Structures are given as structure tokens and as C-alpha cells.
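Contents: one structure, followed by commentary.
In the numbering used here, the protein residues as written are 0 to 113.
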């Protein structure tokens with residue numbers, strides 16, 4: 000199981016990716032598109048929209064595909080500055096899309112809710 004977490008101005012949503020769905024996604028992903036920055040931006044916007052609407056009980060298909068793209072983008076990138084190993088967290092501190100950071104979930108310490 001893989002996961003992408005989206006933090007957007009105080010709201011957090013988990014996008015779990017079942018192994019079989021990820022394998023199917025990768026099988027159909029065009030090799031030349033796997034590291035497209037335009038597609039990364041589109042995938043992030045799909046996930047952001049889900050977060051802002053309130054996390055549904057199950058992940059919508061388009062959000063699952065977007066999460067697969069984000070996870071694959073960073074975990075397979077050949078350039079060190081883009082490579083992130085493991086599960087990914089997308090951080091939009093202000094929730095306005097102005098500054099977006101991507102990191103490994105293992106590198107971020109989230110404080111528990113009180």
C-alpha cells in the first residue's frame with residue numbers, strides 16, 4: 000500500500016493507493032509522461048479539489064489516479080532534486096496554492112490533533 004497525504008491550509012486528506020490499482024496505473028502510464036511537470040500540477044489540483052470539498056468516505060477514481068501519478072513521479076524520478084522515496088506529502092501551508100512543497104512522509108513530523 001502506498002499513500003499520498005495532502006495538507007492544505009490546515010485540512011489534511013489521505014489518499015491510500017492499493018497495490019493492484021498502482022500496478023494497473025503504471026502499466027498504462029506512458030513512459031514519456033511519467034515525469035511531466037504539467038501532469039504533476041494537474042494531479043495536484045485534482046487532489047487539492049478533493050481536500051477542499053471535504054474528504055469523501057472513499058477516494059474518487061480521478062483522485063486515485065492523481066495520487067498514483069504523484070507517488071510514481073517522485074519515487075521514480077532520476078534527478079536527485081526531484082526524487083523522494085516512499086510515501087509523499089504535499090504541503091500547501093496557506094491553502095491558496097501559492098507555495099507547494101513535496102516531501103517524504105518520513106521526513107515530516109505531524110503534531111497530533113488536540
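Even glycine gets a Cβ: it sits at the ideal position worked out from N, Cα and C. Predicted, not measured: the structure shown is a model, and the values here were computed from it.
Item to check | Any 3 or more C-beta pairs closer than 8 Å across the stretch 26 to 40 and the stretch 5 to 17 | outcome: Cβ pair count under 8 Å is below three, so no.
Next on the checklist: Please identify the residue among 84, 96, 104 whose C-alpha is closest to the C-alpha of residue 51.
Outcome noted: Out of 84, 96, 104, 96 has the C-alpha closest to the C-alpha of residue 51.
Checklist entry - Cα-Cα, which of 20, 55, 23 is closest to residue 12? => result With distances taken between Cα atoms, residue 12 lies closest to 55.
Item to check | Cβ neighbours of residue 73 in the same chain (closer than 6 Å, five flanking residues each side left out) | outcome: Closer than 6 Å at Cβ, skipping near neighbours: 83, 87.
Checklist entry - Going by the beta-carbon positions, is the gap between residue 114 and residue 68 smaller than 9 Å? => result The structure shown does not extend to residue 114, since the chain is modelled only from 0 to 113, so the question has no answer here.
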